[in-house]
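Numbering (this note's numbering), first residue to last: 73 to 367.
In structure tokens form, the structure reads like this:
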């Protein structure tokens, strides 16, 4: 089948998306700035609100209303349409945009989910979406369709290119995609399972289980010159805690009192204090690494 225009290339499509990300990201930044501490009091609600407020920009832009062009696509002379050059309905554009934005709008949501199974499920689901999107976006050179395109049978066309024949997606991409997804799921599930049997991880989580200032604790371990080093990442609900010397001292003294074996010299501890905020596409994080000897 002969297409009226060629499929938009990787770089042109990427640049258009970056322009859109910058535009909606600036709006998200301004909203987070205006909300201030209120954001950290209602992070889940505002993450969902950010997603819902970002969705119309891409949904309307990718639909027939704006002829398949967000601002970024318009500047790069590309547009979204079906293989017959028909523009998407609002329903199709909604499905396409909602799937895409799930990947980009909920990077911090799992921080605030207390139930471990639900938190792991959300992380795994988003990882599968991201892996599918990333693999097809990079390696599907025949049709350049990613997950959200395949679901509504849409393409992104280059309006400045000549007519060309439509190609089919390489069938072995699906096999490699399954393998890639499996690796991503393994990268989430295996560390989780290891933390459930690691005595250090178990005890650290028990120590701070009732602390309102700690959302999650992620543990890791590596070796430096034969010395085991335990890494403890404390995810906190407010960025003020990241740079709080008083909070650092509290965590350090609790560990030193309750787990003195970590401070014998035969083992070492490194701590990271981390907090993140997101509204729509805009995401900001605060991080600080601390070694006990620095406190």
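Note that CB positions come from ideal geometry on N, CA and C, so glycine has one too. These numbers come from a predicted model, not from an experiment.
Secondary structure at residue 83, three-state DSSP: helix, strand or coil? Helix at residue 83.
What three-state label does DSSP hand residue 281 in the structure shown? Three-state result, residue 281: coil.
Close beta carbons around residue 235, own chain, < 8 angstroms, minus the five adjacent residues each side: Within its own chain, the residues whose Cβ lies closer than 8 angstroms to the Cβ of residue 235, once the five positions on either side in sequence are excluded, are 74, 75, 76, 77, 78, listed in chain order.
Local conformation of residue 150 per DSSP, three classes: Strand.
Mind checking which residues open and close the alpha helix (DSSP H) that includes residue 220? Residue 220 -> alpha helix (DSSP H) spans 219-224.
For residue 233, the three-state DSSP class (helix, strand or coil): Reduced to three states, the DSSP call for residue 233 is coil.
Where residue 342 falls: helix, strand or coil (DSSP): Correct three-state label for residue 342: strand.
Measuring only the C-alpha atoms, how far is residue 137 from residue 173? About 20 angstroms.
Check residue 101 in the structure and name its three-state DSSP category. Assigned with DSSP and collapsed to three states, residue 101 falls in helix.
If you draw a straight line from the C-alpha of residue 337 to the C-alpha of residue 195, how long is it? A direct Cα-Cα distance of roughly 36 angstroms separates residue 337 from residue 195.
Of the listed residues 80, 121, 220, nearest to residue 350 (C-alpha basis): The shortest Cα separation from residue 350 among 80, 121, 220 belongs to 121.
Does the segment 163-170 come within contact of the segment 240-256, defined as at least 3 CB pairs closer than 8 angstroms? Touching, no.
Exposure label - residue 213; buried when at least 16 CB within 10 Å: Classification for residue 213: exposed.
Please report the distance separating the alpha-carbon of residue 130 from that of residue 360. So the two alpha carbons sit approximately 35 angstroms from each other.
Would you mind reading off the limits of the alpha helix (DSSP H) that contains residue 332? Where residue 332 is concerned, there is no enclosing alpha helix (DSSP H), given that its DSSP letter is neither H nor E.
Throw me the rounded Cβ distance for the residue 293 and residue 300 pair, which I believe falls under 8 angstroms. Rounded, the Cβ-Cβ distance is 6 angstroms, consistent with contact.
Per the DSSP calculation, residue 299 is bridged to which residue(s)? Residue pairing by DSSP places residue 299 opposite 296 in a beta bridge.
Assuming residue 314 contacts residue 286 under a Cβ cut-off of 8 angstroms, what Cβ separation, rounded to an integer in Å, is found between them? Wrong, their Cβ atoms sit about 12 angstroms apart, outside the cutoff.
Quick check: what's the CA-CA separation for residue 227 versus residue 141? CA-to-CA, the gap between residue 227 and residue 141 works out to about 12 angstroms.
Enclosing alpha helix (DSSP H) for residue 250 [first to last residue]: From DSSP, the alpha helix (DSSP H) with residue 250 extends over 244-269.
Tell me which residues share the same chain as residue 143 and place their Cβ nearer than 8 angstroms to its Cβ, disregarding the 5 neighbours each side in the sequence. Setting aside the 5 residues that flank it on each side, residue 143 is surrounded in the same chain by 91, 92, 95, 133, each with a C-beta closer than 8 angstroms to its C-beta; the list follows chain order.
Output needed for residue 111: all residues of its chain with C-beta closer than 8 angstroms, excluding positions within five of it in sequence on either side, in chain order. Correct list, in chain order: 104, 118, 349, 351.
List the residues that DSSP assigns as beta-bridge partners of residue 227. Bridge pairing for residue 227: 153 [DSSP].
Would DSSP call residue 202 helix, strand or coil? It is helical.
Nonlocal neighbours in the same chain, by C-beta distance under 7 angstroms from residue 185, ignoring five residues either side: Correct list, in chain order: 191, 194.
With which residues is residue 211 paired in a DSSP beta bridge? DSSP output for residue 211 lists no bridge partner at all.
Rounded separation between residue 253 and residue 175 - CA only: Separation of residue 253 and residue 175 (C-alpha to C-alpha, rounded to the nearest whole angstrom) is 14 angstroms.
Quick test of your reading: residue 334 and residue 341, contact by CB under 8 angstroms. State the CB separation rounded to the nearest angstrom. A Cβ-Cβ separation of about 5 angstroms places residue 334 in contact with residue 341 under the 8 angstroms criterion.
Reducing DSSP to helix, strand and coil, say where residue 140 ends up. The three-state secondary structure of residue 140, taken from DSSP, is coil.
Return the CA-CA distance between residue 248 and residue 177, expressed in angstroms with no decimal places. Our two residues, residue 248 and residue 177, have alpha carbons roughly 26 angstroms apart in a direct line.
Of the choices 189, 306, 88, 271, whose alpha-carbon is the least far from that of residue 261? For residue 261, the closest alpha carbon among the candidates 189, 306, 88, 271 is that of 189.
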